[in-house]
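Here the structure comes first, spelled out in structure tokens, and everything after it is commentary.
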Amino acid sequence: MTEIVIDKKKYVLIPEKEYKALQKSAALKTKTDKTFTLEEARNYSKKLIRKWASEK
3 MTEIVIDKKK YVLIPEKEYK ALQKSAALKT KTDKTFTLEE ARNYSKKLIR
53 KWASEK
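Numbering (our numbering), first residue to last: 3 to 58.
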């Protein structure tokens, strides 16, 4: 790991292998968005369409 200072800002250089490992561990910790079932998606779409139509 190497530290570099450019314009009074510190940057850290790490090997690509370590960077990929950090990315992978961070991705595993994030929560995924809830996916709708087909029926839920239809109902949600209809609700949004009705809301949009009433605004016009």
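Glycine residues also receive a C-beta, built at the ideal position from the N, C-alpha and C atoms.
These figures come from a predicted structure and were not determined experimentally.
- By DSSP's assignment, Leu15 forms a beta bridge with Thr4.
- Here DSSP, grouped into helix, strand and coil, assigns Lys36 to coil.
- By the CB criterion at 9 angstroms, Ile6 and Val14 fall inside the cutoff.
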